[in-house]
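**Q** Protein sequence lines, in the order shown, are assigned to chains A and B.
Remember, our numbering sits 41 above the position in the first sequence when you count from 1.
Remember, our numbering sits 8 above the position in the second sequence when you count from 1.
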Amino acid sequence: MAVEVLEPFLKGDTGRNTRGLLRLIILCTIAAAAVASRLFSVILDPWFNFRATKYLVQNGFYSFWDWFDDREASHPVAQLVYEPRKPAEEPKRTRTWHPLGRVTGGTLYPGLMVTSGIIYHVLRFLSMPVDIRNICVLLAPGFSGLTAFASYLITSEMTTSPSAGLLAAIFMGITPGYISRSVAGSYDNEAIAIFLLVFTFFLWIKSVKNGSAMWGALTALFYGYMVSAWGGYVFITNLLPLHTFVLICMGRYSPRLYVSYSTWFALGTLASMQVPFVGFLPIRSSDHMSALGVFGLLQLVAFVEFIRQQVPNKQFQTLLRGLIFVVFVVSMGVLVLLTVSGVIAPWSGRFYSLWDTGYAKIHIPIIASVSEHQPTAWPAFFFDLNLMIWLFPAGVYMCFQQLKDEHVFVVIYAVLASYFAGVMVRLMLTLTPVVCIAAALAISSILDTYLVAENPIPKETQANGQATSDSIKSAADVIKDSLRSTRNPVLGIYSYVSKASVVGAVTTYLLLFVLHCTWVTSNAYSSPSVVLASKLPDGSQHIIDDYREAYYWLRQNTPDKAKIMSWWDYGYQIGGMADRPTLVDNNTWNNTHIATVGKAMSSREEVSYPILRQHDVDYVLVVFGGLLGYSGDDINKFLWMVRISEGIWPDEINERNYFTARGEYRVDDEATPTMRNSLMYKMSYYNYNALFPAGQAQDRVRGSKLPAEGPQLSTLEEAFTSENWIIRIYKVKDLDNVGRDHGSAVAFDKGNKKKKTAKRRGARVLRVE
Amino acid sequence: MRWFVSLLLITLLGLVQGLSSTGSRLLVVIEESSEKAQYSTFWDDLEGKSNNCRGYKLTFESPKNDKLSLFQHGERAFDHILLLPPKSKGTSFYTITGDVDLPSSGLGPALTPKLLLQFINQNGNILLTLSSDSPTPTSISSLLLELDIHLPPDRDSLVVDHFNYDTASASEKHDVLLLPQGSRIRSDVRNYFGGDGTIAFPRAVAQELGNSSPLLAPILRAKSTAYSYNPKDEAEVVEDPFAVGEQISLVSSMQARNSARFTVFGSAEALENKWFDRKVKSVDGRDSKTANREFAKQITAWTFMEVGVLKVGRVEHHLSSITGDAPGNDSVAQLGYLNPTIYRVKNDVTFNIEISEYSYDQLTPLKVDASDALQLEFTMLSPYHRLDLVSISQTPNSTVFSRTFKLPDQHGIFSFRVNHKRPFLTNVDVKREVTVRHFAHDEWPRSWEISAGWVWIAGVWITIAGWVAFVGIWLWSEPAYEQSKGKKMQ
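1. What does a CB cutoff of less than 8 Å around N627 (chain A) pick up in its chain, not counting 5 residues either side in sequence?
2. Is any beta-carbon of chain A found at less than 8 Å from that of R211 (chain B)?
3. Hey, is P416 (chain B)'s beta-carbon within less than 8 Å of any beta-carbon in chain A?
4. Can you pull the chain A neighbours of P222 (chain B), defined as C-beta to C-beta under 8 Å?
5. Would you mind sorting V413 (chain A) into buried or exposed? The rule is 16 or more other CB atoms within 10 Å of its CB.
6. Which residue or residues does DSSP assign as beta-bridge partners of H158 (chain B)?
7. Does the distance from the CB of S607 (chain A) to the CB of L662 (chain A) come in under 8 Å?
8. Quick one: using the 10 Å Cβ neighbour count with 16 as the cut-off for buried, is K514 (chain A) buried or exposed?
9. Considering only the beta carbon of each residue, do Y228 (chain A) and A189 (chain A) sit closer than 8 Å?
10. Just the chain B side, please: which residues come within less than 9 Å of R24 (chain A) by C-beta, in chain order?
11. If we define contact as Cβ-Cβ less than 8 Å, is D111 (chain A) a contact residue for chain B?
12. Put A234 (chain B) into one of helix, strand or coil per three-state DSSP.
13. So with CB distances below 9 Å, who are the chain A contacts of R194 (chain B)?
14. Across the stretch 352 to 370 of chain B and the stretch 390 to 410 of chain B, are there enough close Cβ pairs to call them in contact, namely three or more that are closer than 8 Å?
15. In the DSSP assignment, what are the bridge partners of E705 (chain A)?
16. Among B:S296, B:V213 and B:Y235, whose alpha-carbon lies nearest the alpha-carbon of F171 (chain B)?
17. Looking at the secondary structure, which residues open and close the beta strand (DSSP E) in which T241 (chain A) lies?
18. Measuring alpha carbon to alpha carbon, tell me which of B:L92, B:N131 and B:S150 ends up nearest T120 (chain B).
19. Any contact between the stretch 259 to 275 of chain A and the stretch 230 to 240 of chain A? By contact I mean 3 or more CB pairs, one from each, below 8 Å.
20. Would you list the one or two residues that DSSP bridges to A574 (chain A)?
21. Does the beta carbon of D659 (chain A) sit closer than 8 Å to a beta carbon anywhere in chain B?
22. Report the rounded CA-to-CA distance for T201 (chain A) versus A234 (chain A), giving the unit in angstroms.
23. Looking at the C-beta of E362 (chain B), does it have a partner C-beta in chain A at a distance below 8 Å?
24. With 8 Å as the threshold, decide whether the Cβ of P140 (chain A) is near any Cβ in chain B.
25. Would you report the Cα separation of L468 (chain A) and A462 (chain A), rounded to the nearest angstrom?
26. Can F273 (chain B) and I307 (chain B) be called in contact, C-beta distance under 8 Å?
27. So for D425 (chain A), helix, strand or coil by DSSP?
28. Counting contacts by CB-CB distance shorter than 8 Å, is E154 (chain B) in contact with chain A?
29. CB A208 (chain B) to CB R286 (chain B), shorter than 8 Å?
30. Nearest to R194 (chain B) by CA position, among B:D380, B:S455 and B:E180, is which residue?
31. With distances taken between CB atoms, is the gap from P323 (chain A) to S331 (chain A) smaller than 8 Å?
32. Got a sec: which bits of the stretch 240 to 266 of chain B sit with their beta carbon under 8 Å from any beta carbon on chain A, in order along the chain?
33. Going by Cα to Cα distance, which pick from B:T372, B:H419, B:D377 and B:A278 is closest to T387 (chain B)?
34. Can you pull the chain B neighbours of D107 (chain A), defined as C-beta to C-beta under 9 Å?
35. Which chain B residues are close to V342 (chain A), counting only those with a beta carbon under 7 Å from its beta carbon?
36. Rounded to whole angstroms, how far is the Cβ of I689 (chain A) from the Cβ of T633 (chain A), which I believe are closer than 8 Å?
Okay, here's the thing in structure tokens:
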């Protein structure tokens, strides 16, 4: 009996079931590992998304849709019911984009919040009351488990090897390139978007393979979800048409392709237009034109195919030529006409900056100023992907060997994503899935070859080879005699030594990979940005908590409605932790508004003060790392403020004026007058001299000695400086009560006597009433 | 409980019987208490011993007094200050800023310019009197410099006018100026200093007001024939007088941004008893009695906040519907409750503000001159609307101004702002922040209400109908298999 049960173990029907069960268990374990590796430290960020989710959960979807600002007290649409009722007690004021306000529902991708909201309601329905905050914190790790599963699915479509999918899943689960955006508490759009990206690609491949309208519709559905979740959906919008286009060019047009692409395009475009933030972009912006163009091309190709079946060959040639000409002329004419008349928007700046890395720096500094839009440094690839980065080309090569429709997709994806990842650090995220897939293909083929215990039997393989070669058509049949190694059919490895050494090496690499991932995740990607940690000389950890100290100070010591001006990087944190309105935050699309803040920071006090008054600014917050050597401070970001405001006011702000004659960016004695008179410089170094013996003031970030005499401020007064001087908050003075300018008021307070205008020179200025 | 409240009210009423709207504690800084008697009528008028009850509580202090302090526990110890000029030179011992080089002629440690400025910043009012007989303390002159009021550089300068002087008392020196009461400085400015009398200004110190500060306004200006000179240095000929003609301000005012008032009175002597009720004779020989007493009352009343004080009552705004085309606000009906925090773009909104004016002893309805207007701004960064407010109703104590308008087509954080700043009137700066939101998704007209959309709607339905029809025909039309194969291609 036992023999009978054991014999088909892992072979027959039971074997398939057992393997399926094993695979499921492995996948679940992988998902668990993916979640677990993201729990090193938890800090919820960005706050805005969390607040938006809270609003959604509290007020319902429609109210979220029409949400104007983030007053939590009242429901904006409820006011339409004109019932005389007592107004709620003083509601909280708008916290973002003062005073322009934010049409929040129309300026964000709601997918993330809606996902959390649905999970929240489902759990409540199941009588599991979970705080929405916990859902938000664990959403990204949870979805990373799903991403691992999705990469298993997509890899399994590529190869018959069962191990490749599992390897891809575990790679995807723990690679730092993905963990960087999905640690617990990282509640950003990317948290769910990567899962959607991979899953949409899986559905697409499935639908191309099957030529099924159902899979195409599912692709469109998840594409719509992706559009609602992340601006990076444009990547899909362009990658799928490119895949189709390449297939057509390769002469691989098929009704399967026609059905899947047409279904996806029609339904997907409609779905994407339902997101208010996207609206009519899919038919108006150039970024989406390729999808439309390929759709049109596909119709033509299908039409031509149809005609070819009807018409004799010779006439068909003439017809085809004429048709191509007419279509080309007409479509070009229409495109030019629409672009000139402005119906189709020109390419967006982000798009240009993808092709020309210097473009953004010159034309749209606001995009270039974001650190994650910088070109990637080479070590970052190895840091984020480790061994996969050198397995990646091998995997792509293996795709070339087989080169079915789905492999073409992987190849295109690989080429595009590696280019984009080189252009922007941020797009490393889109490269990661394809790297995982390719690396899994490579590793699995190595393991499949070397991890076979039995020796191959050449005769049998030869004999059975004919029968099985239909299904697994090796490259040797397709690419004849290209490489010597492919001339003969692959048989296998005989030597146990080589088997053991190769398998051992691969195992070591994989273990090292796990070690590397754990190390990177715990050291680089799990340190919250608001709390800085440093090591003291004796090795103990020292926490620098200036940010929270300052935000708490704001919360406790300023009036509820006090408006805080800071550079936009700190907008969300001030809104969330200090609970005060800000002028600009991390999501401000209004370039002019940001430039206004930049102008106020980079101009003289006399210029800045009216701007501050006009915007009702009560406090100005700057980040200064000079004392501690904290390099992410505002003086280091200052040039971006200058550049961004120069873009709007080229007459008033000039970047050149902030550099010395020799083109150096300095803060010491040689700093230019423009630099030293700028509000940012003054706020950063105000009273800094007092910390040091006379003439010894030192900036530890820029490593330079500061001028002996510190800057003077007259329109602002220092309100708060945190323990390590990282955050400095200044209060904007009111107009002088007796009508003096601030300079003379300060001089009077210091006891400098005003000189009597003893003898007037020139004509008298008479007072006219 | 009610009797207790009323008792409390009565007690409070007894306490607050002064006329000033801000308080009745008046500090008079006078160096020699013997001089007090010269101003006795003035004191009586202020204290209200005669029939009109002004009820100031006067405290006489010498600047030399060490215990004198304008503040107690960080709060003002007095509501108003009246500074009389010190009699003799160099009596004081402290300089203001510790500059030892300067000839010391301060007013003592309690009255440094910094403290006086702080007194103004804390809503205290100051009436400063000058005299050509005594030097102006450096403390005062540096304070005036801060306020952009300039005094002659020489200590003994005074104003003369060879065409408008009192022939009875100054037939030689021409230094007692006779000026008519009641000239207003600008046609659109309220005149609180009017009257028919003649004011005598003996030995006045000229002031010149700077041009830049909008807070300064002259109350009494010299005639165009007057000039300022120093009788000691320039007895024979005046080459470059400090100020001439109407540029000379004899009484000038500065109303700070917090509405604290500061008045410079050019001639302390004019407040003495002897000039309050004296016969003077003008150049053209007319005899008249001086109106100094009344003028002094007007000046002190204005400086000490008895007149020209605006008080804002209720400020309301609400959503309204315009029901007809009746004039004014008759056709406006209120929707919803008062003072909501959020409106939508293009809402009709009504703004009401109630303003009273304090006039000696009561609140009266504010009347805005025809040449002037009370304006409402609806502003975000810059005003989107600037509208004249219309008076719609009056109570015995106040006027209600109102305006209904359509909100601009721009969302954001707006504020209703009434920023009324006029010389001699206290500042009104009322700001009410409201949010103006965009249209909600269900506030747009439905698609079928837009006639231009009918084409597209028709297109949609025709497509749907055509597709359904096609499916129906496809499903129900059985292909004729017996026919030739070519039909299959349809």
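Cβ atoms here follow ideal geometry from the backbone N, Cα and C, with glycine treated the same way.
These figures come from a predicted structure and were not determined experimentally.
**A** Once the coordinates are examined:
1. Locating residue 627 (chain A) in the first sequence gives position 586, where the first residue counts as 1. Answer for N627 (chain A): P87, F89, W609, D610, G612 and Y613, listed in chain order.
2. Here residue 211 (chain B) refers to the residue found at position 203 of the second sequence. Chain A contact via Cβ: absent.
3. Sequence index remark: in the second sequence, residue 416 (chain B) carries index 408 (1-based). It does not: the Cβ of P416 (chain B) has no partner Cβ on chain A nearer than 8 Å.
4. If you number the second sequence from 1, residue 222 (chain B) lands on position 214. Correct list: G780.
5. To locate residue 413 (chain A), count along the first sequence from 1; it is residue 372. Residue 413 (chain A) is actually Glu in this sequence, not Val. Label assigned to E413 (chain A): exposed.
6. Within the second sequence, numbered from 1, the residue matching residue 158 (chain B) stands at position 150. H158 (chain B) pairs with B:E216.
7. In the first sequence, residue 607 (chain A) corresponds to position 566, counting from 1. In the first sequence, residue 662 (chain A) corresponds to position 621, counting from 1. In this structure, L662 (chain A) lies closer than 8 Å to S607 (chain A) by Cβ.
8. The count along the first sequence starts at 1 and reaches residue 514 (chain A) at position 473. Because the pLDDT at K514 (chain A) is just 49, under 50, the model does not fix this residue reliably, and the value given afterwards should be weighed accordingly. By the 10 Å Cβ count, K514 (chain A) comes out exposed.
9. Numbered from its first residue, the first sequence carries residue 228 (chain A) at position 187. Numbered from its first residue, the first sequence carries residue 189 (chain A) at position 148. No, these two residues do not count as a Cβ contact at 8 Å.
10. Chain A is shown from 42 up to 810; residue 24 (chain A) falls before or after that span and cannot be answered.
11. Numbered from its first residue, the first sequence carries residue 111 (chain A) at position 70. Bear in mind that the predicted position of D111 (chain A) carries a pLDDT of just 45, short of 50, making it too unreliable to give a figure here.
12. Locating residue 234 (chain B) in the second sequence gives position 226, where the first residue counts as 1. Strand, per DSSP.
13. Counted from its first residue, the second sequence places residue 194 (chain B) at position 186. By Cβ distance, chain A contributes E810.
14. yes
15. Within the first sequence, the letter at position 664 stands for residue 705 (chain A). None; E705 (chain A) has no bridge partner.
16. Counting from one through the second sequence, the residue named residue 171 (chain B) turns up at place 163. With distances taken between Cα atoms, F171 (chain B) lies closest to B:Y235.
17. The residue you call residue 241 (chain A) lines up with position 200 of the first sequence. Here T241 (chain A) belongs to no beta strand (DSSP E); instead the alpha helix (DSSP H) covers E231 to N251.
18. Taking the first residue of the second sequence as 1, we reach residue 120 (chain B) at position 112. Here the closest residue by C-alpha is B:S150.
19. yes
20. Residue numbering aside, residue 574 (chain A) sits at position 533 when the first sequence is read from its first letter. A:I584, per the DSSP bridge assignment.
21. Position 618 of the first sequence, counted from the start, is the residue given in the question as residue 659 (chain A). Output row for D659 (chain A): interface = no.
22. Here residue 201 (chain A) refers to the residue found at position 160 of the first sequence. Here residue 234 (chain A) refers to the residue found at position 193 of the first sequence. Approximately 28 Å, taken between the alpha carbons.
23. Numbered from 1 along the second sequence, position 354 holds the residue referred to as residue 362 (chain B). So no, E362 (chain B) is outside the interface.
24. Taking the first residue of the first sequence as 1, we reach residue 140 (chain A) at position 99. Chain B contact via Cβ: present.
25. Within the first sequence, the letter at position 427 stands for residue 468 (chain A). Within the first sequence, the letter at position 421 stands for residue 462 (chain A). Cα to Cα, the separation comes out at about 5 Å.
26. Residue mapping note: residue 273 (chain B) aligns to position 265 of the second sequence, counting from 1. Residue mapping note: residue 307 (chain B) aligns to position 299 of the second sequence, counting from 1. Cβ atoms of F273 (chain B) and I307 (chain B): closer than 8 Å.
27. As a first step, residue 425 (chain A) is located in the first sequence; it is residue number 384 there, counting from the start. Helix.
28. Numbered from its first residue, the second sequence carries residue 154 (chain B) at position 146. Closer than 8 Å to some Cβ of chain A, the Cβ of E154 (chain B) qualifies, so yes.
29. Mapped onto the second sequence, residue 208 (chain B) falls at position 200. Mapped onto the second sequence, residue 286 (chain B) falls at position 278. Yes, these two residues count as a Cβ contact at 8 Å.
30. Looking up residue 194 (chain B) in the second sequence gives position 186. Ranking B:D380, B:S455 and B:E180 by Cα distance to R194 (chain B) puts B:D380 first.
31. Position 282 of the first sequence, counted from the start, is the residue given in the question as residue 323 (chain A). Position 290 of the first sequence, counted from the start, is the residue given in the question as residue 331 (chain A). No, they are not a contact pair.
32. Q255, M262, A264, R265 and N266
33. For the purposes of this step, residue 387 (chain B) is identified with residue 379 of the second sequence, where counting begins at 1. That would be B:H419, whose Cα lies nearest to the Cα of T387 (chain B).
34. Here residue 107 (chain A) refers to the residue found at position 66 when the first sequence is read from its first residue. Chain B residues near D107 (chain A): R445, H446, F447, A448, H449, D450 and E451.
35. Within the first sequence, residue 342 (chain A) is the residue found at index 301, counting from 1. By Cβ distance, chain B contributes nothing, its closest Cβ being about 19 Å from V342 (chain A), past 7 Å.
36. Numbered from 1 along the first sequence, position 648 holds the residue referred to as residue 689 (chain A). Numbered from 1 along the first sequence, position 592 holds the residue referred to as residue 633 (chain A). At roughly 6 Å, the Cβ-Cβ gap stays under 8 Å, so I689 (chain A) and T633 (chain A) are in contact.
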